[in-house]
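The structure under discussion appears below in the form of structure tokens.
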Amino acid sequence: MAEELLVVSNLKKYYPITGGVLGSEIGVVKAVDDISFSIRRGETLGLVGESGCGKSTTGRSLLRLIEPTSGKVYFDGVDVTALKPEEMRKMRRDMQIVFQDPFASLNPRHNIAKILEEPLIVHGVGSSAERRKRVEHMLEVVGLNSYHARRYPHQFSGGQRQRIGIARALMLNPKLIVADEPVSALDVSIQSQVLNLMQDLQREMGLTYLFIAHDLSVVRHISDRVGVMYLGRIVELATSSQLYTKPLHPYTQALLSAVPVPDPDDVRERVILQGDVPSPANPPSGCTFHTRCPHVMEECRTVRPPFQDVGDGHYVACHLYKTD
Ligand code: ADP
Ligand code: MG
């Protein structure tokens, strides 16, 4: 069995921009622009970056909830981009998603039993009695009670609703969970409870996570490795400790310098980025970060830096680091 559960290679998702009276294509939004990474079995890969950098598009493309423009996604050795709809449907048993906003993703007219039972029915799993048992069991697994099955989404708090979202993702015993900012909508006091639950579940069920967040501090503790996205590309990927102690990419350095540090002796220099994030419809040439980079050099304006391992599995796409 290969060590990698998920291998993503050269994934792209471009959205056409249409305009004019004829609605013809006048450009593209490069939401995800040629990214490659893999996730090992049982690993948590964090994916961070500012809003709009392509995190959700990446997560959804992997599950083909949206169709990638190009690139390959191998799950358990199978190229999911080549699967027919029926085969893809079966494959989704093993790859599930938890959304940021549990309220929007839970049908308000269905009670919790029905919401949790649905994936089992879709995949033809178990008898009615067995399904009911599984619902009650899963509610307890995520820290709720079996009597909650009869209630409706609006009767729960945000944190409880996200527990239901997690329970639904776990109903079919998946291998991979794409968690798309699962705690971003929750109060800070509730965030750590949900994060702890997800870590416990991972240990108990041997889950593999792609954990998306816009905030580096959220992914730090839950992630084995972290990838940093900027304008549709992964600019750096390393183990959590490598990334936090020795960030290489100027963008990562800037992001980290903005994270408040509890230690008053840690006098890290704050890097203030100039300007706004450019539009993914008209990204800068060369390194897309060059318009805001404090270390910009001539070649950064024209040559896209390769995403390469600069040692110990620490990947960075930056002309400051040459391996040859
Ligand atoms: P993130 O999750 O990091 O906030 P997204 O993946 O949602 O970012 O979006 C990446 C980029 O793609 C953004 O510029 C967004 O506006 C654009 N985008 C997302 N979905 C669509 C769509 N359906 N049509 C056109 N553009 C889209
Ligand atoms: Mg998103």
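In terms of the numbering used here, the sequence shown has 178 at position 175, counting the first letter as 1, and numbering is strictly consecutive. Note that the Cβ used here is the ideal one computed from N, Cα and C, for glycine as well.
Out of the options, point me to the one whose CA is closest to residue i's CA.
{"i": "Val51", "options": "Gly62, Arg44, Ile169", "result": "Gly62"}
{"i": "Glu120", "options": "Arg153, Phe106, Phe102", "result": "Arg153"}
{"i": "Val81", "options": "Ser73, Met94, Glu89, Glu70", "result": "Met94"}
{"i": "Glu53", "options": "Gly30, Glu184, Met4", "result": "Glu184"}
{"i": "Thr60", "options": "Lys15, Ile169, Gly45", "result": "Lys15"}
{"i": "Glu89", "options": "His126, Pro71, Arg112", "result": "His126"}
{"i": "Arg295", "options": "Pro309, Val306, Asn285, Val280", "result": "Val280"}
{"i": "Cys56", "options": "Tyr17, Ser220, Met4", "result": "Tyr17"}
{"i": "Tyr150", "options": "Ile115, Pro122, Gly235, Ala132", "result": "Ile115"}
{"i": "Ala188", "options": "Gly316, Ser108, Met4", "result": "Ser108"}
{"i": "Gln158", "options": "Glu139, Arg112, Gly129, His140", "result": "Arg112"}
{"i": "Val231", "options": "Arg171, Tyr318, Pro71, Glu6", "result": "Tyr318"}
{"i": "Asp218", "options": "Gly235, Arg236, Gly209, Val191", "result": "Val191"}
{"i": "Gly278", "options": "Cys290, Gly289, Pro297", "result": "Pro297"}
{"i": "Glu6", "options": "Ser12, Asn13, Arg44", "result": "Arg44"}
{"i": "Ser328", "options": "Tyr233, Pro309, Glu301, Gly316", "result": "Shown here, the chain extends from 4 to 327; a query on residue 328 therefore has no answer."}
{"i": "Pro308", "options": "Glu301, Val197, Cys321", "result": "Cys321"}
{"i": "Glu143", "options": "Met174, Ser160, Gly209, Ala132", "result": "Met174"}
{"i": "Asp315", "options": "Gln245, Ala172, Ala132, Lys136", "result": "Gln245"}
{"i": "Ser160", "options": "Ile193, Ser64, Ala172", "result": "Ile193"}
{"i": "Leu8", "options": "Asp79, Ser64, Leu68, Glu28", "result": "Asp79"}
{"i": "Gly168", "options": "Ala85, Met4, Pro122, Leu276", "result": "Pro122"}
{"i": "Thr47", "options": "Val128, His224, Thr72", "result": "His224"}
{"i": "Leu65", "options": "Glu28, Phe106, Asn13, Pro105", "result": "Asn13"}
{"i": "Cys290", "options": "Ser220, Gly209, Asp36", "result": "Asp36"}
{"i": "Val197", "options": "Met91, Pro105, Leu258, Gln256", "result": "Pro105"}
{"i": "Lys58", "options": "Ser226, Arg236, Thr255", "result": "Arg236"}
{"i": "Met141", "options": "Asn176, Ser131, Val128, Val83", "result": "Asn176"}
CB-CB under 7 Å to residue i, same chain, minus the five flanking residues each way: which ones, in chain order?
{"i": "Thr326", "result": "Gln311, Val313"}
{"i": "Val10", "result": "Ser41, Tyr77"}
{"i": "His293", "result": "Pro287, Val299, Cys303, Arg304"}
{"i": "Tyr324", "result": "Leu251, Val313"}
{"i": "Val222", "result": "Gly49, Val51, Phe214, Ala216, Val229"}
{"i": "Gly146", "result": "Arg166, Leu200"}
{"i": "Glu207", "result": "none"}
{"i": "Val138", "result": "Ala116, Leu119, Glu120, Ala152"}
{"i": "Asn110", "result": "Ile118"}
{"i": "Gln103", "result": "Asp183, Glu184, Pro185, Ser187, Ala188"}
{"i": "Leu86", "result": "Met94"}
{"i": "Gly209", "result": "Gly45"}
Do residue i and ligand 2 come close, with the Cβ less than 7 Å from some heavy atom?
{"i": "Asp183", "result": "yes"}
Once you ignore the five residues that flank residue i on each side, which residues in its own chain have a CB closer than 8 Å to its CB?
{"i": "Ile124", "result": "Arg134"}
{"i": "Ala284", "result": "Ile20, Gly30, Val31, Val32, Lys33"}
Cβ of residue i less than 8 Å from any chain B Cβ?
{"i": "Ala257", "result": "You won't find chain B in this structure, because it holds only one protein chain."}
Only counting the same chain, and skipping five residues up and downstream in sequence, which positions put a Cβ closer than 6 Å to that of residue i?
{"i": "Tyr155", "result": "Asn114"}
{"i": "Lys249", "result": "none"}
{"i": "Gln163", "result": "none"}
{"i": "Ala172", "result": "Gln99, Val101, Ile180"}
Any residue with its C-beta under 5 Å from a non-hydrogen atom of ligand 1 counts. Can you list them all in chain order? Those residues, listed in chain order, are Tyr18, Val32, Ala34, Ser54, Gly55, Cys56, Gly57, Lys58, Ser59, Thr60, Pro283.
With three or more C-beta pairs closer than 8 Å as the rule, is the stretch 94-101 touching the stretch 160-180? Verdict: yes, contact present.
Counting Cβ pairs closer than 8 Å, one from the stretch 15-30 and one from the stretch 198-206, do we hit at least three? Because the criterion of three Cβ pairs below 8 Å is not met, the stretch 15-30 and the stretch 198-206 do not touch.
Does the stretch 228-246 touch the stretch 33-48, meaning 3 or more C-beta pairs lie closer than 8 Å? Enough Cβ pairs lie closer than 8 Å, so yes.
Say whether the stretch 211-225 touches the stretch 183-198, bearing in mind that this needs 3 or more beta-carbon pairs closer than 8 Å, one atom from each stretch. Contact between the stretch 211-225 and the stretch 183-198 is present, because at least three Cβ pairs lie under 8 Å.
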